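Taking it in order: structure first as structure tokens, then the write-up.
Number of protein chains: 2
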Amino acid sequence: MDPEDFRRYGHQVIDWIADYLSEVESRPVLSQASPGDIASSLPASPPAHGEPFENMMADLETVVMPGITHWQSPNWFSYFPSNSSGPSILADLVSSGLGVQGMLWSTSPACTEMETRMLDWMAELLGLGDRFRSTGSGGGVIQDTASSAAVCVMIAARDRATGGQATRKGVSSCSQQLTAYTSSQAHSSIEKAAGIIGMGRDSLRLIDVDDSFAMKPDALREAIKADIAAGCTPFLVSATTGTTASGAMDPLEDLLEICREFNIWLHVDAAMFGTAACCEEFRWIQAGCQEADSYTVNPHKWMLVNFDCSCLWVADRGALINSLSILPDYLRNQATDAGHVIDYRDWQIPLGRRFRALKLWFVLRHYGVEGIRAMVREHVAMVQELASLIEAEPNLQLAAPCPLSLVCFSHVDGDERTRQIMEQANASGNLSLSHATLGDRFVIRFCVGQWRTQRSHVEAAWKLLKSLSA
Amino acid sequence: MDPEDFRRYGHQVIDWIADYLSEVESRPVLSQASPGDIASSLPASPPAHGEPFENMMADLETVVMPGITHWQSPNWFSYFPSNSSGPSILADLVSSGLGVQGMLWSTSPACTEMETRMLDWMAELLGLGDRFRSTGSGGGVIQDTASSAAVCVMIAARDRATGGQATRKGVSSCSQQLTAYTSSQAHSSIEKAAGIIGMGRDSLRLIDVDDSFAMKPDALREAIKADIAAGCTPFLVSATTGTTASGAMDPLEDLLEICREFNIWLHVDAAMFGTAACCEEFRWIQAGCQEADSYTVNPHKWMLVNFDCSCLWVADRGALINSLSILPDYLRNQATDAGHVIDYRDWQIPLGRRFRALKLWFVLRHYGVEGIRAMVREHVAMVQELASLIEAEPNLQLAAPCPLSLVCFSHVDGDERTRQIMEQANASGNLSLSHATLGDRFVIRFCVGQWRTQRSHVEAAWKLLKSLSA
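Chains Y and B, in that order, give the protein sequences. Sequential numbering from 70 applies to the first sequence in this note's numbering. Sequential numbering from 70 applies to the second sequence in this note's numbering.
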């Protein structure tokens, strides 16, 4: 496809997306496809000869769209928001067009230097403190997801606790069993990472939570002490600033004290709700994070950046690099040898990397800090109003504290009725909801974070939920 | 940014990329930036208020472009090709616009079902055999890179050898030391993965190579026997179909026999050169791969798909899923519970995932199988001609066999002179070259794979190299 054909078809694709986004609200939010529907409309083999571009555009409508669940709908209230804002889509397009590889500074200096600067911007925006800035001994990097970030952090912490032996000689060379800690409400990626890095999922202790579903510091301390008494080496605590199920906030300052006492790496997973810290009035959610060893937030959730863009900061970049660096001869170069530059391939699992910093650059400049704050405040206000309505409704009850943009609730008649309400609401096509289990209770999660969502959408959703709950 | 603004700015970005691609050939291939140049032209803090989109577009030219190394230049001959073809850029744009999350089948069925079908298409294109097709017990998945694919494969193999104990109870619970094998010419990602999964980098044996830089089967067998005698558990051999340094092909059929004898997982890393297998006449490079346990190829290298898109196939998908699956309550859904669908989050490290199958769909349909074959054949022919010229040049010598699209050579005066030639050529701005060490020798790598590269570009490069070598 030569540049002029690219120009022509590119305009068509931009128009197709603009049209899609202008009418996404009118589509049933959840795909109505059954297993196999989409596969059965795709040929069994690739075509021998090239087809006109128009064929693919036509098939987008007929083959692909029936299998699409509309995460960009303003009526999207389930899981988490996965925002594709205009400036982010276009920055990602620039990245695809340039097609550079950012594995080393030398393979495209702008890709590395802009990323370092954008992560410093983000650290300032969220009030993460100086330890995570590139100007000191720390620094930030863009990962694909908080799951991958967790693997990297756990490896660095594992190696700090074993003097690098776990990476060089293997976990089995360590004389003591390594143990890590997170709450029973933490994201599944922490347990998955424990399996990946070879410490074993069973050696991740799931610490009890209090009534607000936040980790109990006393329970953590007891677990650590018991493990030490049993001859284990506790090496990491993963705290959550906003759990997936209910948005619960672990008490970082208390956990920090415990981690200091026992010399344990404190990781903070703020993937979903960390964005709220851009507003002074919500910064309490992560008080103490400035003294943690690592911190993750996903701009690809609530901060208008399209997937993937997960930010990870570490206070000691040397720990991360020591664990993940390998320098084969074919990647050696003057800039790396001189030690004057960052090579981000040493901060992540993959070698190759896209120019993802462009998305942060475009989004932060297009909306400005105040624009992002305004969106966050609006979403929180909408959910706070909805929570009041739920609280006042005799048939419904709030299932957890609701400090930000996620409210969990259930029907007084119990789990079956609550599930029925969710399924009926989802089947209506008018919105999307997801669920969680809190305590033993099945609860509906209602999360506002799609940037197209207006008060009218939440009001319509409430009207439906109220009638289904009557 | 509302849909109409998106349309307007989107057309501008498309035009910017079309213009860039039409004149990329005229730019110096390697960025001339010094460390800190790009960072110093970026403000220290994010803007308080939003800026006009025009600002970002203007800064692309003045701030970003000086730090760009032009991987899309037809004069790109270093490392590996990282092709951003038109249909791939546009498919990725559609993916950004739809902004769906493919973590579960239910979160967007088209994302999952198209991926399964595209990986079946790719398996047919490359002649991988039925074991890797989704219709049997195997199947394919798109990973970001072959590095991440290696981690996933090594975890699955580790768990197969330990009955799942390594993931559940940790590597240290295994009574025997786990050992893995790859050649001394294998990609660094295999050693990196060995560190990540907790087996230890030291327990990856780097097997000797023969004169063609391919793994010696006898040396592999000896190493395995020695480890077994020492009480270790050999669990994985990673073979390379086309090494990074010189494109050497490990003898898969011999390795397969050894792996069968000792019940060891055979992984095939064909990241760069596997694409050649789309042509019957090059399929010899991977004879035997049809009986391996896993296989990786990166369409984001030589197959016109922009980064990231690495295809991984396994013969036993259950092994992969057992090692990587975690089902928290908040992700449970009817389709998953019924077992009728694939949830690709169980085939990879991250939870979230982009709709990357669209890129394969657009590229395979736009070019067709014959279009891709024609490109591969042209690139191979260009390099074969260049190799003949190098061979006929008294001052230069070929450093390794050159069966495909990569030729390695050196100057007869030795390493210093060879390095000087590479540095002078790169400094000219007219092309990009990279290097490797083969044996003890510093060699220049010349790789043709950028789809814009024509014979005239290779001829001009040869003219320059010849004069620098005189």
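Built from N, CA and C at the ideal position, the CB exists for glycine as well. The model shown is predicted, which means the values in this text are computed figures rather than measured ones.
May I ask you to list the residues that DSSP assigns as paired with residue i?
| i | result |
| --- | --- |
| B:T506 | B:F511 |
| B:L475 | B:C516 |
| B:I276 | B:S252 |
| Y:C380 | Y:I211, Y:V366 |
| B:M284 | B:V278 |
| Y:M187 | Paired residues: none, contrary to the question. |
| B:H336 | B:S307, B:S363 |
| B:S501 | B:W145 |
| Y:H409 | Beta-bridge pairing links Y:H409 to no other residue. |
| B:L247 | B:T302 |
| Y:H480 | Y:L465 |
| B:M318 | B:T310 |
When you compare the CB of residue i with every CB in chain B, is at least one pair closer than 9 Å?
| i | result |
| --- | --- |
| Y:L111 | yes |
| Y:E123 | no |
| Y:Y78 | yes |
| Y:I293 | no |
| Y:G483 | no |
| Y:T131 | no |
| Y:N152 | yes |
| Y:Q141 | yes |
| Y:S363 | no |
| Y:H435 | yes |
| Y:Y399 | yes |
| Y:W85 | yes |
| Y:R148 | Note on residue identity: the sequence assigns Tyr, not Arg, to residue 148 of chain Y. So yes, Y:Y148 belongs to the interface. |
Classify residue i as buried or exposed, calling it buried when 16 or more other Cβ atoms lie within 10 Å of its own Cβ.
| i | result |
| --- | --- |
| B:K261 | buried |
| B:D541 | Outside the modelled stretch of chain B, which goes from 70 to 539, sits residue 541 of chain B, for which no answer is possible. |
| B:S315 | buried |
| B:H118 | exposed |
Step through the CB atoms of chain Y and report whether any lies within less than 9 Å of the CB of residue i.
| i | result |
| --- | --- |
| B:T309 | no |
| B:L90 | yes |
| B:W174 | yes |
| B:M284 | no |
| B:C243 | yes |
| B:I333 | no |
| B:R381 | Arg is not the amino acid found at residue 381 of chain B; the sequence shown has Leu there. No, no contact with chain Y. |
| B:R423 | yes |
| B:G300 | no |
| B:T313 | yes |
| B:V316 | Inspection of the sequence shows that residue 316 of chain B is occupied by Gly rather than by Val. Chain Y, which has no Cβ nearer than 9 Å to the Cβ of B:G316, makes this no. |
| B:L393 | yes |
| B:A404 | yes |
| B:F431 | yes |
On the DSSP letters alone, give me the boundaries of the alpha helix (DSSP H) that residue i sits inside.
| i | result |
| --- | --- |
| B:L465 | Not the alpha helix (DSSP H): B:L465 falls in the beta strand (DSSP E), residues 465-467. |
| B:L167 | 155-167 |
| B:D88 | 72-92 |
| B:L533 | 524-538 |
| B:H139 | Careful: B:H139 lies outside any alpha helix (DSSP H) and carries neither H nor E. |
| Y:D128 | 122-128 |
| Y:T487 | 484-496 |
| B:Y436 | 426-461 |
| B:C328 | 321-331 |
| Y:I265 | 257-265 |
| B:I390 | 386-393 |
| B:D106 | 106-109 |
Since residue i is in the beta strand (DSSP E), which residue starts that stretch and which ends it?
| i | result |
| --- | --- |
| B:F304 | 302-309 |
Report the neighbours of residue i on chain A: residues whose CB is nearer than 8 Å to its CB, in chain order.
| i | result |
| --- | --- |
| B:N375 | In the displayed structure, chain A is absent; the protein chains listed are Y and B. |
Less than 8 Å separating the Cβ of residue i from some heavy atom of the ligand MG?
| i | result |
| --- | --- |
| B:L433 | Inclusion of the ligand MG in the displayed structure is not the case, the ligand content being empty and no account of it being possible. |
Got a sec: which bits of the region 247-279 of chain B sit with their beta carbon under 7 Å from any beta carbon on chain Y, in order along the chain?
S257, S258, E260, K261, G264, I265, I266, G267, M268, G269, R270, D271, S272
Give the residues from the region 154-171 of chain Y that approach chain B closer than 7 Å (Cβ to any Cβ), ordered along the chain.
S154, G155, P156, I158, L159, D161, L162, V163, S165, G166, L167, G168, V169, Q170
Please name the residues in the region 190-205 of chain Y whose beta-carbon is closer than 7 Å to at least one beta-carbon of chain B, in chain order.
W190, E193, L194
Any residues in the region 454-485 of chain Y with a beta carbon nearer than 9 Å to a beta carbon of chain B? Which ones, in chain order?
none
Select from the region 204-238 of chain Y all residues with a C-beta closer than 7 Å to any C-beta belonging to chain B, and list them in chain order.
D213, T214, S216, S217, V220, I224, A235, T236, R237, K238
Check distances from the C-beta atoms of the region 489-514 of chain Y to those of chain B and list, in chain order, the residues that come in under 8 Å.
S503, H504, A505, T506, R514
Check each residue of the region 176-189 of chain B: if its Cβ is closer than 7 Å to any Cβ of chain Y, include it; give the result in chain order.
T176, S177, P178, A179, E182, M183, T185, R186
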